[in-house]
Amino acid sequence: MTTQNTTNPAVALAEIEQAFGFVPNLFRAYAAYPPLLAANWAKVQATLLSGVLRREVKETIALLISKDNACGYCIDAHSAMLQMLGFAPEKITAMEHTLADAGFSDREQALIAFARRANREAARVAADLAGLAAQNIPMAEIVEALGVMELFAAFNRFADALGIASDLFPPQ
8 MTTQNTTNPA VALAEIEQAF GFVPNLFRAY AAYPPLLAAN WAKVQATLLS
58 GVLRREVKET IALLISKDNA CGYCIDAHSA MLQMLGFAPE KITAMEHTLA
108 DAGFSDREQA LIAFARRANR EAARVAADLA GLAAQNIPMA EIVEALGVME
158 LFAAFNRFAD ALGIASDLFP PQ
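If you want it as structure tokens, here you go:
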């Protein structure tokens, strides 16, 4: 098990800059309380930057959760990231209403829809969860999708509460 420096934010910020090419304003804000910066960076590494699901799926979950929660900062960030991954702006806009033309498999679409529904009404997803099981989607993939949802639901609230300004994507 690796330990992270939770008192000096410079270590985490350097890792973030290496991963993204710059330090997003969200992480600069978290740096005011280094243990929370370290914890959230570890969660980003465990969910968004690694795992079984494709990065495009996770960025789409991040974007749609952010749209549902009306977080302008995160909408800008993940729209830009999806563009960097090859999605056209009109396709990104259309994903809010349909995933059919976005190039996702049926399995990926089901996971994205489940994460989005869990964000909106987590206590009412039992039938959706059973549907994923009926499609033989492994629990690890379901939990990974929910982990991305959970991370961005929290980031949305944090960014909005502090009024964090959008970054330039990609940085210039």
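Note that this note's numbering has the sequence shown beginning at 8, numbered continuously upward. Even for Gly, the Cβ is constructed at its ideal location relative to N, Cα and C. Note that the structure is a prediction, hence the values are computed from the model and not measured.
Cβ contact annotation for Lys98 (same chain, cutoff 8 Å, sequence separation greater than five): Asp108 and Ala109, in chain order. In this structure, Leu44 and Val30 do not form a Cβ contact; the two beta carbons are roughly 11 Å apart against a cut-off of 8 Å. C-alpha of Ala101 to C-alpha of Lys50: approximately 28 Å in a straight line. The C-alpha of Leu139 is placed about 7 Å away from the C-alpha of Ala117. Per DSSP, reduced to three states, the secondary structure at His85 is helical.
DSSP, reduced to helix, strand and coil, places Asn47 within a helical segment of the structure shown.
In terms of Cβ geometry, Ala122 and Ile72 form a close pair [threshold 8 Å]. Annotation: the continuous alpha helix (DSSP H) that includes Pro96 extends over Pro96 to Ala101.
Of all C-beta pairs linking the segment 158-174 to the segment 71-91, three or more are shorter than 8 Å, placing the two stretches in contact. In this structure Glu151 is in contact with Leu60, their Cβ atoms being roughly 5 Å apart against a cut-off of 8 Å. For Ala53, the closest alpha carbon among the candidates Asp113, Glu157, Gln90 and Asp174 is that of Glu157.
When secondary structure is reduced to three states using DSSP, Asn163 falls in the helix class.
Out of Thr67, Glu115 and Gly58, the CA that lies nearest to the CA of Ala147 is found in Gly58.
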